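Colleague:
What follows is the structure, encoded as structure tokens:
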């Protein structure tokens, strides 16, 4: 409705701007969909905001309840089955491997000996590293150092292998934490609590119908129950430090009943992005179409105003002596006949009359030519001059179609001033007849 005849559908600066805008929209949509998930996507280099990702995050503490069918996420089984190895780096001690042993304290049982998997003296000659495999995640492990050997501090390290199974990925456990007391050695009987917390990251699929990706890892927290005997020494004397035959370090491992669930989902999926991109492109087209329409309406409004102004200014520029002051030529014996047309209709074209009048074809114009009804009349009106807004002509006069429909009477306060053609009859014989 805004592309008229002989005008192109595309072309020009606005069309070029529209195509460029479409290209940028498609390019951004292609890049944006690849910004999910954040583990495998690169930085948003195509945007001014480097932190832009196609991802939404939320988290909550959950209980690992079973599904209605009795099953649960496989990642929980993988976390429960992950084996742990504990390594203790004993700092500032002269104890030998033969003086060090591990045991598991269990209710109702004296103890269960745990074999060491490694015992290494570090190159500094004052740090000895000992390792033991933990039989469970909930376990009490006791380190015994027999003899007059003290500990300046220790570093606790926990290790566990990673595993990938289908859409479930178990991350390796590799953490260390150093413990010590200021300006003194550790207590001869020290305790430490380690609490495990499951952390499960659920990455929802980009394509509807695909399976979610689960990542599991362990988080640890520590509680130092008693690592120093300073208050006991102040109460009973420092000599007690040298009366204890061995140093005992008890580490209690436990697990929280809840787990931390982190959810990652896309801001927009492929189907949604394609639909929104299509809507954006359609909106751009509609905006440009509306712009074209407004421009066309403004153009037509100006054109109507121009035509309205032209109607007000209608006049024959060169009427000669054929004005109302000399009775339109009657005083000179050359009378004029004023021809006006209030309404334009349609009659089938008389090609013979058109050719005989030697009229030239002209678009947007009504041609006026006078001829007699009978041959005798035709001979009497041969010498005629047509005076119109386009000038003088001996063959034809012109009414421009821009004056129709004519609004002159209304606009000129009921003074009827219709566009006219003056037909000047030059021969006097016609007057006498």
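Numbering (my numbering), first residue to last: 9 to 441.
The beta-carbon is built from N, C-alpha and C at its ideal position, and this holds for glycine as well.
All values reported here derive from a predicted model rather than from experimental measurement.
Hey, how far is the Cα of residue 212 from the Cα of residue 273?
Modeller: As a working mapping, residue 212 is identified with position 204 in the chain shown. As a working mapping, residue 273 is identified with position 265 in the chain shown. So the alpha carbons of these two residues sit roughly 5 Å apart.
Colleague: Rounded to the nearest angstrom, how far is the Cβ of residue 33 from that of residue 288, given a contact under 8 Å?
Modeller: Locating residue 33 in the chain shown gives position 25, where the first residue counts as 1. Locating residue 288 in the chain shown gives position 280, where the first residue counts as 1. About 6 Å; that satisfies the 8 Å criterion.
Colleague: For residue 206, count neighbouring Cβ atoms within 10 angstroms of its own Cβ and tell me buried if that reaches 16, exposed if not.
Modeller: If you number the chain shown from 1, residue 206 lands on position 198. Residue 206 should be labelled buried.
Colleague: Would you kindly report the start and end of the unbroken beta strand (DSSP E) that includes residue 98?
Modeller: As a first step, residue 98 must be located in the chain shown, where it is residue number 90. From DSSP, the beta strand (DSSP E) with residue 98 extends over 92-99.
Colleague: Beta carbon of residue 193, beta carbon of residue 155: below 7 Å?
Modeller: As a first step, residue 193 is located in the chain shown; it is residue number 185 there, counting from the start. As a first step, residue 155 is located in the chain shown; it is residue number 147 there, counting from the start. Cβ distance not < 7 Å, so residue 193 and residue 155 don't count as in contact.
Colleague: Just to confirm the assignment, what range does the beta strand (DSSP E) spanning residue 59 have?
Modeller: On the chain shown, residue 59 is found 51 positions in, with the first residue counted as 1. It is not in any beta strand (DSSP E) - residue 59 carries neither H nor E in the DSSP assignment.
Colleague: Whose C-beta lies closer than 6 Å to the C-beta of residue 258 among residues of the same chain, with five residues either side of it excluded?
Modeller: Walking along the chain shown from the start, residue 258 turns up at place 250. Same-chain partners within the cutoff: 150, 199.
Colleague: What residue ranges within the segment 185-264 form continuous beta strand (DSSP E) runs of no fewer than 3 residues, ordered along the chain?
Modeller: Runs found: 197-211, 221-234.
Colleague: Please report how far the alpha carbon of residue 88 lies from the alpha carbon of residue 294, in whole angstroms.
Modeller: Against the chain shown, residue 88 aligns to sequence position 80. Against the chain shown, residue 294 aligns to sequence position 286. Their backbone Cα atoms lie some 58 Å apart in a straight line.
Colleague: With a threshold of 8 Å, are at least 3 pairs of Cβ atoms found where one atom belongs to the segment 177-188 and the other to the segment 276-290?
Modeller: Cβ pair count under 8 Å is below three, so no.
Colleague: Please state whether DSSP places residue 409 in a helix, a strand or coil.
Modeller: Here the question's residue 409 lines up with position 401 in the chain shown. Three-state DSSP puts residue 409 in a helix.
Colleague: So, with DSSP's three-state summary, where would you put residue 148?
Modeller: The residue labelled residue 148 in the question sits at position 140 within the chain shown. The answer is strand: DSSP assigns residue 148 an E or B state.
Colleague: Output the boundary residues of the alpha helix (DSSP H) element that contains residue 32.
Modeller: For the purposes of this step, residue 32 is taken as the residue at position 24 of the chain shown. Unbroken alpha helix (DSSP H) run through residue 32: 21-41.
Colleague: Quick check: residue 86 and residue 171, are their CB atoms within less than 7 Å of each other?
Modeller: One-based indexing of the chain shown puts residue 86 at position 78. One-based indexing of the chain shown puts residue 171 at position 163. Yes, Cβ-Cβ distance for residue 86 and residue 171 is below 7 Å.
Colleague: What residues in its chain sit with their C-beta under 8 Å from that of residue 393, if we drop five residues either side in the sequence?
Modeller: Position 385 of the chain shown, counted from the start, is the residue given in the question as residue 393. For residue 393, where only same-chain residues beyond five positions count, the Cβ hits under 8 Å are 400, 401, 402, 431, 432, 434.
Colleague: So residue 110 is in the beta strand (DSSP E); what residue range does that whole segment cover?
Modeller: For this step, residue 110 is matched to residue 102 along the chain shown. Here the beta strand (DSSP E) through residue 110 covers 108-112.
Colleague: Pull up the DSSP beta-bridge partners for residue 400, would you.
Modeller: Counting from one through the chain shown, the residue named residue 400 turns up at place 392. According to DSSP, which records beta bridges pairwise, residue 400 is partnered with 395.
Colleague: Keeping to the same chain, check which residues put their C-beta closer than 6 Å to that of residue 61; ignore five residues upstream and five downstream.
Modeller: Residue 61 sits at position 53 when you count from the first residue of the chain shown. Within the same chain, residue 61 has close Cβ partners 43, 46.
Colleague: Take every Cβ of the segment 230-243, pair it with every Cβ of the segment 122-132, and state whether three or more of those distances are shorter than 8 Å.
Modeller: In short, these stretches do not touch, since the Cβ pair count stays below three.
Colleague: Going by C-alpha distance, which of 153, 27, 115 is nearest residue 102?
Modeller: What you label residue 102 is simply residue 94 of the chain shown in a count that begins at 1. For residue 102, the nearest C-alpha among the options comes from 153.
Colleague: Report the rounded CA-to-CA distance for residue 100 versus residue 106, giving the unit in angstroms.
Modeller: On the chain shown, position 92 is the one that residue 100 refers to. On the chain shown, position 98 is the one that residue 106 refers to. If I take the Cα positions, the gap works out to 17 Å.
Colleague: Can you tell me whether residue 135 sits near the ligand HEM, meaning its C-beta is under 6 Å from at least one heavy atom of the ligand?
Modeller: For the structure depicted, the ligand HEM is absent and the ligand set is empty, with no information on it obtainable.
Colleague: With 16 other CB atoms within 10 Å as the buried threshold, where does residue 396 fall?
Modeller: Counted from its first residue, the chain shown places residue 396 at position 388. Buried, because 16 or more other Cβ atoms sit within 10 Å of the Cβ of residue 396.
Colleague: Whose C-beta lies closer than 6 Å to the C-beta of residue 345 among residues of the same chain, with five residues either side of it excluded?
Modeller: Your numbering for residue 345 matches position 337 in the chain shown. Within the same chain, residue 345 has close Cβ partners 431.
Colleague: Run through DSSP, which three-state label would residue 182 get?
Modeller: Residue numbering aside, residue 182 sits at position 174 when the chain shown is read from its first letter. It is a strand residue.
Colleague: Can you tell me whether DSSP reads residue 337 as helix, strand or coil?
Modeller: Taking the first residue of the chain shown as 1, we reach residue 337 at position 329. DSSP places residue 337 in helix when its eight states are reduced to three.
Colleague: Kindly give me the distance between the Cβ atoms of residue 375 and residue 406, rounded to whole angstroms, as I take these residues to be in contact under 8 Å.
Modeller: Sequence index remark: in the chain shown, residue 375 carries index 367 (1-based). Sequence index remark: in the chain shown, residue 406 carries index 398 (1-based). Sure, about 6 Å apart at Cβ, within 8 Å.
Colleague: Could you pull out every residue in the same chain whose Cβ sits closer than 7 Å to the Cβ of residue 22, ignoring the five residues on either side in sequence?
Modeller: The residue labelled residue 22 in the question sits at position 14 within the chain shown. Taken in chain order, the residues that qualify are 296.
Colleague: Assign residue 305 to one of three DSSP states: helix, strand, or coil.
Modeller: What you label residue 305 is simply residue 297 of the chain shown in a count that begins at 1. Residue state, collapsed to three classes: helix.
Colleague: Under the assumption that residue 269 contacts residue 70 (Cβ atoms under 8 Å), give the Cβ distance between them as a whole number of angstroms.
Modeller: Here the question's residue 269 lines up with position 261 in the chain shown. Here the question's residue 70 lines up with position 62 in the chain shown. Their Cβ separation, rounded to whole angstroms, is 5 Å, which keeps residue 269 and residue 70 in contact under 8 Å.
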